[in-house]
Amino acid sequence: MSDLFRVDGLTKSFGGLAVSRAISLAMAPGERLALIGPNGAGKTTFVNLVTGQLRPNAGRVVLNGEDVTSLGAVRRVRKGLVRTFQVTRLFAEMTPREHVTLTVLQREGKATGIIGRFLGNHTVAEEVDDLLDVLGLVEKADRPVGEIAYGQQRLLEIAIALALKPQVLLLDEPAAGVPSSETPRIEQALARLPASLAVMMIEHDMDLVFRFARRVVVLAAGAIIFQGPPAEVAADARVREAYLGNYANARRVA
Amino acid sequence: MTQPAMDVSAGAPTRSYPLYLRDIAGVAAILVAGAAGYWLFPDNLALLTRIIAVALLVLSLDLITGYCGVASLGQATLFGAGAYAVGFACVHGGVTEPLTLMLIGAVAGATAGLAMGAIMLRAHGLAQLVLSIAIVQLGHEAANKFTGYTGGSDGLAGLSVNPLFGVFEFDLWGRTAYLFGLALLVVVFALLRVVVSSPFGVLCRGVRQDPVRVKAMGAFVFPVILKMFVISGAVAGLGGALAAISTQVVGLDSISFELSANALVMLVLGGLGTLYGALVGTVIFMAFEHVVSAINPFHWLTMVGALLVAVVLVAPGGLVNLAGKVGGIGRSKGSKP
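As you go down the protein sequences, you meet chains A and B in turn. Taking the UniProt record's numbering, the leading residue of the first sequence gets 1, the next gets one more, and so forth. Taking the UniProt record's numbering, the leading residue of the second sequence gets 1, the next gets one more, and so forth.
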């Protein structure tokens, strides 16, 4: 099979509540997939299962033909399965340059060395400059993250993820909390992601989903109810029912 | 002492150059302050040596608390491990060469750090803090019970140490011990500056701020903190070894909850997460304690308490942070929200 990434029958219950019901999904290299669904559909749980923060009750996660279900989150990152967070998780006292440098050094296996300077490696510095440039963070590269705009923090999350040279990238609501004036910059960054990278984006902003994704997967009550091109999503009866059935709920949280 | 100079000559990029300049200034400041202490208080060299030993303990605590975010009220375990190891080696083992004894202290401290870290890192938050207290209390009781080896509450006395380099005797006035301690402090400080500015040091700062993010970067958290515990143990062990060699006795107080708690107080006083804060906090706390206890032997603890309350209210980031804000220097970039 040419699948880069695949989940088979991924199932997770918390007590009696089934949050993921036998989810199966495959992604090819270069895929642009959007995972949508009403609130409480189990999207974040799915991300946590895929990235190893949670252990599934049943099912498998396969990356590059290798079963990674039993691996922890750190090892999956090292194999190229990388995520961003719905709410930014960054080091408030560090600068974007420090974040990305640390990530590159980690990827190269040099982040635990006690001899040698943090910013002294020229090859690493060049790669870091490139990444910051691609995401338009050069101007703010040396300011503590706590002082830069939230939209730029979101971009930094993506920069960190890219610094890991992932094969599969899961973007958990990359535009969440970003003022609409800054959304175009995020979109721009998403458009420039490496072509061979398989990207799965979870997003509520439908405009963004339709522009970004070539395939949409709809999750409702822990199960996949629709897979197909963006143009067909809105017409699908089950999708409409899932959204309208939870309409009040979706409005409240969104 | 040699490390920052080496880094500058290696062609540091312009951006990090001022940092190394600051490190050299820091080392120079320690030397100047140390020399000033030597000339100004020739009768108090024993106290000054004690301050250096405790400063090493507080530095070691800063490594795990200030850099990794693991609070400990049992850091004297590592200090005591170094002190008692030196005591055993000297009194029971017949080792009398001072540098060998220091090495023994460092290794014992590092080993204790490894064990303590492995235990403490099983827990988180408050449970972790309680665990650190339990460990130091266990150590204290062990030292108290095994009187045959430790001398129990009388202390392990009778350390007789050879002259340093075979030339400089540890004299009655404590000159050799003090100058040796000062040199040790400078070397340890310079080495630690290298450690905390290395990729590993930055990774530790990351762990303190958000371990989940560090894991998402593909780095394991546990081995990183454990490594810092070992380094921290070596530094604390050196402090204990210096205390043992300079006083020629190892007392139960060297592995006590009280010393651990005081070390944490000194660190908070000076400021966490900068090695300078650890030094400033130790010197101010111990000098204050010395002066005030002489003026008013009954209420000096009250005064120390008042000083602490004042510092925590006026400068929650510690005295170094306050000085940085007033002078517009220091970590002005890292303003706290």
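Cβ atoms here follow ideal geometry from the backbone N, Cα and C, with glycine treated the same way.
Give the straight-line distance between the Cα atoms of residue 82 of chain A and residue 143 of chain B, rounded to the nearest whole angstrom.
-> Going by the C-alpha atoms only, they are around 50 Å apart.
Mapping DSSP to helix, strand and coil, what is residue 338 of chain B?
-> With chain B represented from 1 up to 337, any question about residue 338 of chain B goes unanswered, as that position is not in the structure.
Beta carbon proximity, residue 112 of chain A to chain B, threshold 7 Å = Yes, residue 112 of chain A lies at the interface with chain B (some Cβ there is under 7 Å from its Cβ).
Cutoff 6 Å; reference residue 292 of chain B; Cβ partners in own chain excluding five residues on either side = Non-local C-beta neighbours of residue 292 of chain B in its own chain, meaning closer than 6 Å and more than five positions away in sequence, comprise 300 and 303, ordered along the chain.
Using the DSSP secondary-structure output, state which residues sit across from residue 228 of chain A in a beta bridge.
-> Looking at the DSSP output, residue 228 of chain A sits in a beta bridge with A/216.
Reference residue 135 of chain B; option with closest CA among B/72, B/37 and B/275 = Here the closest residue by C-alpha is B/72.
Assuming residue 28 of chain A contacts residue 3 of chain A under a Cβ cut-off of 8 Å, what Cβ separation, rounded to an integer in Å, is found between them?
-> About 6 Å separates the beta carbon of residue 28 of chain A from that of residue 3 of chain A, a gap short enough to meet the 8 Å contact definition.
Would residue 250 of chain A count as contacting chain B if we go by Cβ distances under 7 Å?
-> The pLDDT assigned to residue 250 of chain A is 48, lower than 50, so where the model puts this residue is not dependable; a value taken from the coordinates is nonetheless given after this. Not closer than 7 Å to any Cβ of chain B, the Cβ of residue 250 of chain A fails to qualify, so no.
Where the beta strand (DSSP E) through residue 26 of chain A begins and ends | Residue 26 of chain A: member of the beta strand (DSSP E) spanning 17 to 27, first to last residue.
Touch check for the stretch 225 to 234 of chain B and the stretch 243 to 251 of chain B: three-plus C-beta pairs under 8 Å?
-> Touching, no.
Inter-residue spacing [alpha-carbon to alpha-carbon] between residue 308 of chain B and residue 323 of chain B = Taking the straight line joining both Cα atoms gives about 16 Å.
Residue 32 of chain B classed as buried or exposed, judged by whether at least 16 other C-beta atoms fall within 10 angstroms = With fewer than 16 other Cβ atoms within 10 Å, it is exposed.
C-beta neighbour in chain B for residue 209 of chain A, strict 7 Å | Not flagged as an interface residue toward chain B: residue 209 of chain A, since no C-beta distance is shorter than 7 Å.
With a threshold of 16 other CB atoms inside 10 Å of the CB of residue 194 of chain A, please say whether the residue is buried or exposed.
-> Result: exposed.
Figure out for me which residue from B/235, B/60, B/46 and B/37 has the closest Cα to the Cα of residue 174 of chain B.
-> Looking at the Cα atoms, B/46 is the closest of the given residues.
Residue 81 of chain B, DSSP secondary structure in three states = In this structure, residue 81 of chain B counts as helix in the three-state DSSP scheme.
For residue 332 of chain B, decide whether its Cβ has a neighbour in chain A, counting only Cβ atoms nearer than 7 Å.
-> Model confidence at residue 332 of chain B stands at a pLDDT of 39, short of 50, so the residue's coordinates are unreliable; what they give is reported in the following sentence. Judged by the 7 Å Cβ criterion, residue 332 of chain B is not in contact with chain A.
Should the stretch 195 to 207 of chain B be regarded as contacting the stretch 64 to 72 of chain A, the criterion being three or more beta carbon pairs within less than 8 Å?
-> No: fewer than three Cβ pairs fall under 8 Å.
Within the present structure, is the beta-carbon of residue 115 of chain B separated from the nearest heavy atom of the ligand FMN by less than 6 Å?
-> Looking at this structure, you won't find the ligand FMN or any other ligand, since it has none at all.
Would you verify that the beta carbon of residue 3 of chain A is, or is not, closer than 7 Å to some beta carbon of chain B?
-> Answer no: the Cβ-Cβ gap between residue 3 of chain A and chain B never drops below 7 Å.
Residue 14 of chain A to residue 153 of chain A span [Cα, whole Å] | If you take the alpha carbons of residue 14 of chain A and residue 153 of chain A, they lie about 32 Å apart.
By how many angstroms is the C-alpha of residue 48 of chain A removed from the C-alpha of residue 84 of chain B?
-> Answer to the nearest angstrom: the Cα atoms are 48 Å apart.
Reduced DSSP category for residue 141 of chain B - H, G, I as helix; E, B as strand; rest coil = When DSSP states are grouped into helix, strand and coil, residue 141 of chain B belongs to the helix group.
The stretch 259 to 272 of chain B touching the stretch 142 to 162 of chain B, judged by at least three CB pairs closer than 8 Å | No, the stretch 259 to 272 of chain B is not in contact with the stretch 142 to 162 of chain B.
Alpha carbon to alpha carbon, how far is residue 107 of chain B from residue 94 of chain B?
-> Residue 107 of chain B and residue 94 of chain B: Cα-Cα distance of roughly 18 Å.
Below 7 Å between beta carbons: does that hold for residue 86 of chain B and residue 156 of chain B?
-> No, the pair does not count as a contact, with Cβ atoms beyond the cut-off.
With distances taken Cα to Cα, identify the nearest neighbour of residue 132 of chain A among A/56, A/114 and A/161.
-> Of A/56, A/114 and A/161, the residue nearest in Cα terms is A/161.
DSSP three-state assignment for residue 71 of chain B, whether helix, strand or coil | Coil, per DSSP.
Candidates B/273, B/24, B/78 and B/165: which alpha carbon is nearest residue 233 of chain B's?
-> If we check each option's Cα against that of residue 233 of chain B, B/78 comes out closest.
Could you work out which residues of chain B lie near residue 98 of chain A, taking near to mean beta carbons separated by less than 8 Å?
-> Result: 202.
What is the DSSP secondary structure of residue 11 of chain A, reduced to helix, strand or coil?
-> In this structure, residue 11 of chain A counts as strand in the three-state DSSP scheme.
Name the one or two DSSP bridge partners that residue 52 of chain B has.
-> Residue 52 of chain B is not bridged to any residue.
For residue 123 of chain A, is the classification buried or exposed, using 16 other Cβ atoms within 10 angstroms of its Cβ as the cut-off for buried?
-> By the neighbour-count criterion, in which a residue is buried when 16 or more other Cβ atoms sit within 10 angstroms of its Cβ, residue 123 of chain A is exposed.
Check whether the Cβ of residue 116 of chain A lies closer than 7 Å to any Cβ atom in chain B.
-> Chain B, which has a Cβ nearer than 7 Å to the Cβ of residue 116 of chain A, makes this yes.
Grab me the residues of residue 155 of chain A's own chain with a C-beta within less than 8 Å of its C-beta, minus the 5 sequence neighbours each way, in chain order.
-> Around residue 155 of chain A: 135, 136, 137, 185, 186 and 189.
First and last residue of the uninterrupted alpha helix (DSSP H) at residue 205 of chain B = Secondary structure note for residue 205 of chain B: its alpha helix (DSSP H) is the uninterrupted segment 199 to 209.
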